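Chains as they are written, first to last, in full-length UniProt numbering: chain A, 1 to 292; chain B, 1 to 311; chain C, 1 to 424. The beta-carbon is built from N, C-alpha and C at its ideal position, and this holds for glycine as well. All of these numbers come straight from a predicted model, not from anything done at the bench.
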């Protein structure tokens with residue numbers, strides 16, 4: 001792109017400096033909370049009360065992290081948030097996989113096998129994105145009870161799939177709309193079937209949008225607290241619930257450094273996903289999901 | 001390719017079965033694949049909405065009951081001062097949140113699109129808040145905004161004794177602290193949407209405009225942004241649904257306070273349905289909330305479907 | 001005492017076995033109790049842990065379901081969704097009039113066999129027992145008794161400003177001025193609705209007395225709510241704002257307590273769970289920190305009782321485990337261990353208080369006296385006095401009145417009366 005300010009006139013240089021300054025300032029704004037969290041999690045307790053939020057730790061320590069991972073009490077079990085971490089993975093992985101697969105198939109069926117009323121079906125499903133989750137808590141609980149899935153991991157995965165599929169369908173539909181229909185109709189003429197066309201033609205080009213869908217779903221489900229607390233059993237609680245128990249003490253001294261370390265641990269997987277896959281995320285959005 | 005397909009078809013239609021059946025199966029298959037998802041949304045979205053509406057007509061308290069009282073709960077809601085505070089707050093919060101996110105997101109995307117060194121790192125920095133829930137960052141935000149602990153104390157510590165930043169504890173300003181934290185979380189995502197949009201534009205647009213001698217700001221304002229209308233629309237939709245669902249944010253940051261000055265409909269509904277044993281009233285507020293969602297979504301879907309017909 | 005305990009154990013398990021019609025097995029089968037509670041912090045969790053150990057020593061299994069946050073709000077959400085799915089836990093931390101609400105839904109189990117065996121009618125004060133019964137049957141078991149109307153003070157700060165622990169509001173406001181001049185925050189407070197309501201109810205109790213308090217907050221009497229006494233209480237309550245610092249909105253109560261501990265603030269009005277903070281800071285009751293009734297409430301005792309409500313179970317082994325838990329909660333071992341950590345006093349007044357600190361001993365003495373003289377009142381701020389709908393409305397009014405400048409005391413009183421009338 002040649003639209004950038006290129007020539008190195010003094011004016012242009014000044015402008016360029018301003019651009020960098022603005023970007024750096026914005027970066028500071030975004031980094032501030034994270035910086036406070038990291039700094040606090042590395043300080044001994046007495047330094048936290050003594051200094052300000054951004055004071056560098058004098059005696060940095062990893063003890064809060066170790067405690068948060070394996071020793072801190074989240075209720076009567078004092079095993080840290082480490083164990084809950086795997087509970088979260090056991091919920092997130094199947095839920096993300098199923099909802100992404102369903103979304104891909106839905107998007108494909110809606111765009112490449114267009115039938116009368118397809119748009120209406122899509123509009124109906126889209127509304128699922130917008131329903132506030134607090135509203136469906138009680139009816140969902142009753143339904144899970146009827147299905148015999150209350151307080152089970154399978155039930156929680158089901159809930160996440162149900163309320164995630166609207167989003168994944170939206171992503172895949174908008175992506176597949178931009179893929180030329182000719183490819184598909186040619187294959188249809190050749191007599192290729194529904195699943196075969198999907199596997200051979202659509203799936204190979206879907207990587208960018210799969211990344212978007214997986215990142216979105218992973219973040220949503222990993223960060224969920226409301227469903228996790230209401231629908232999980234006492235031994236399948238996700239890490240957000242454990243974190244909440246750790247942070248929301250009703251009595252006793254608050255160990256802010258341990259709280260912060262636990263928060264960082266709970267946030268680590270989503271952070272890693274964003275840092276590693278962020279590039280593909282933007283690329284996937286470019287590839288079509290933002291278009292109409 | 002052709003042979004392969006033919007072979008495959010041969011395999012898909014076993015000898016002896018009627019080809020008509022296979023063909024019919026093929027036309028039904030897409031609908032069959034969609035059926036579970038449609039069924040899910042009919043039961044779990046529309047069914048539950050209907051259920052909520054039914055409850056809003058009852059005098060349900062601790063748990064749902066089915067003693068109907070007509071629209072009495074709506075009347076109570078209309079007479080409830082706190083509900084109006086919450087509804088007004090949603091207007092203020094939603095408007096500012098969506099507006100600021102769009103401006104900030106578009107601005108950052110345009111700046112970031114100027115062949116910036118370290119673009120990847122900056123992009124990650126802007127984007128990462130979207131990865132964190134307010135369950136994780138709520139405490140930090142509370143600290144940063146608290147006059148005695150956070151920014152105000154820090155800036156005063158640097159020698160600016162008269163610096164005041166006490167929005168969190170000021171009933172008239174508390175709702176704006178929600179905006180700050182929400183913008184922090186979502187604006188990076190909007191930036192990514194705009195950046196993706198800019199990257200998706202054809203270079204010829206820039207070239208043509210530059211030949212016309214348009215200045216850079218004018219170029220962006222008059223030519224580029226109008227091209228990005230679909231992006232703006234997607235962003236508005238995503239942002240407004242975040243605004244309506246905002247819940248963790250309020251609980252973590254202000255708890256609805258001081259008093260109930262920073263309450264939002266989502267927290268109002270939750271408080272009444274779950275901690276105050278007034279499921280009827282809570283359901284009525286949920287129905288009004290859903291009405292608000294509809295008011296936003298219907299125009300979107302309308303324009304979406306219309307543009308498809310035209311395109 | 002030991003012998004009595006063992007006798008109780010024998011009796012109860014005998015009854016449980018008899019009830020199940022399984023005579024002859026002789027051995028109680030192991031069941032599990034799932035317990036939903038919001039005691040998650042270090043000390044509390046440890047204290048509940050003694051109950052688990054006692055239960056497991058009897059061969060039952062304790063399944064811990066702890067959900068913290070919002071003073072039990074999150075736990076209540078979980079409980080409701082569990083109840084909706086037809087899968088409630090065996091025991092849940094429910095208190096006050098909410099026990100009746102759950103009882104009316106027919107979800108709670110009957111604890112009468114345990115209560116008869118343990119003679120709860122004699123053991124528990126009538127006020128406490130009343131809350132635990134639904135339609136004459138025990139459905140819940142009390143864990144502790146908190147006193148709300150306490151004033152905590154840092155003696156060094158008071159001495160530095162040359163003031164005594166105030167016993168009247170005039171003294172408190174006078175002391176406030178002296179403390180301000182000496183550079184202290186007179187009254188530490190956290191501006192959350194429940195803390196505002198806590199302070200408010202102690203003022204009402206002080207100015208109106210326990211009979212007035214009961215008329216206003218338990219009977220929801222219109223006249224009392226709109227009376228001059230209520231308006232005076234509201235005015236005094238708002239005046240207290242002048243003794244607080246500007247950083248209070250949203251502050252957690254324990255941070256307010258640590259202001260008193262650090263010597264930043266002089267006093268705090270808070271229930272006796274505040275003691276946990278002082279103890280954790282290594283301070284000694286009566287020496288390093290002082291406890292006194294809120295001015296004008298020496299004869300009254302506003303209580304907050306935590307309890308476990310027991311849900312109806314069908315499985316016999318589980319019910320046995322549930323009964324064991326109900327019995328163990330009232331046994332001295334758990335009552336001692338739990339209440340010493342929690343800052344409260346045991347739910348049964350017959351227990352020996354020697355091992356408790358000075359404040360708890362005073363609390364127990366005041367409790368017994370107030371029980372005899374009718375000074376025991378349920379806390380409005382802690383969901384003991386009224387249904388959660390009215391209480392929620394009261395919260396809204398009190399906190400809004402306290403925080404905004406455009407509502408007068410008259411208007412607030414009128415709104416309280418209005419909110420009460422809507423609920424009746």
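Straight-line measurement puts the Cα of residue 122 of chain C at about 18 Å from the Cα of residue 135 of chain C. The C-beta distance from residue 141 of chain C to residue 326 of chain C rounds to 5 Å, short enough to fall under 8 Å. Here the alpha carbons of residue 126 of chain C and residue 68 of chain B stand approximately 38 Å from one another. Flagged as an interface residue toward chain A: residue 130 of chain B, by a C-beta distance shorter than 8 Å. At least 8 Å separates the CB of residue 272 of chain B from every CB of chain A. Within the segment 250–263 of chain B, 251, 253, 254, 255, 256, 257, 258, 259, 260, 261 place their CB atoms closer than 9 Å to a CB of chain C, listed in sequence order.
For residue 403 of chain C, the nearest beta carbon of chain B is closer than 8 Å to its own beta carbon. Residue 164 of chain A is positioned such that its CB atom lies closer than 8 Å to that of residue 217 of chain A. In the three-state reduction of the DSSP assignment, residue 57 of chain A falls in the coil class, being assigned neither a helical nor a strand state. For the segment 17–30 of chain A, the set of positions with a beta-carbon nearer than 8 Å to some beta-carbon of chain B reads 19, 20, 22, 23, 26, 27, 29, 30 in chain order. Separation of residue 103 of chain C and residue 421 of chain C (C-alpha to C-alpha, rounded to the nearest whole angstrom) is 24 Å. Here the C-alpha atom of residue 216 of chain C lies approximately 9 Å from the C-alpha atom of residue 227 of chain C. Interface criterion not met: the Cβ of residue 235 of chain A is under 8 Å from no Cβ in chain B. Flagged as an interface residue toward chain C: residue 148 of chain B, by a C-beta distance shorter than 8 Å. Ranked by how close their Cα comes to the Cα of residue 270 of chain A, the residues B:260, B:133, B:103, B:59 have B:133 in first place. In the DSSP assignment, residue 157 of chain A falls outside any beta strand (DSSP E) and lies within the alpha helix (DSSP H) extending over 153–177. Beta bridge pairing from DSSP links residue 307 of chain C with C:142. Between residue 53 of chain A and chain B, the shortest Cβ-Cβ separation is below 8 Å. Within the segment 98–142 of chain B, no beta strand (DSSP E) run of at least 3 residues lies entirely inside it. Residue 32 of chain A: member of the alpha helix (DSSP H) spanning 10–41, first to last residue. According to DSSP, residue pairing for residue 152 of chain C in a beta bridge involves C:268, C:291. The segment 265–279 of chain B makes contact with the segment 79–86 of chain B; the number of CB pairs closer than 8 Å reaches 3 or more.
Per the DSSP secondary-structure output, residue 63 of chain C pairs in a beta bridge with C:34.
From the beta-carbon of residue 77 of chain C, the residues of chain B found nearer than 7 Å are 274.
Cβ neighbours of residue 100 of chain B within its own chain (closer than 6 Å, five residues either side excluded): 183.
At least one beta carbon of chain C lies nearer than 8 Å to the beta carbon of residue 245 of chain A.
Within the segment 322–377 of chain C, complete beta strand (DSSP E) segments of at least 3 residues are not found at all.
Taking C-beta separations shorter than 8 Å and ignoring five residues to either side along the sequence, the partners of residue 79 of chain C in its chain run 36, 88, 89, 92, 94, following chain order. The alpha carbon of residue 54 of chain A has as its nearest neighbour, out of A:31, A:69, A:66, the alpha carbon of A:31.
Going by DSSP, residue 223 of chain B is part of no beta strand (DSSP E) at all; its letter is neither H nor E. For residue 180 of chain A, the nearest beta carbon of chain B is not closer than 8 Å to its own beta carbon. Rounded to whole angstroms, the Cβ separation of residue 222 of chain C and residue 412 of chain C is 15 Å, and the two are not in contact under 8 Å.
At a Cβ-Cβ threshold of 8 Å, residue 38 of chain A and residue 265 of chain A do not count as neighbours.
Taking a C-beta distance under 8 Å as the contact criterion, residue 157 of chain A and residue 118 of chain A do not qualify as a contact pair. Secondary structure at residue 57 of chain C: helix, using DSSP grouped into helix, strand and coil. Residue 226 of chain B counts as exposed, since fewer than 16 other beta carbons sit within 10 angstroms of its beta carbon.
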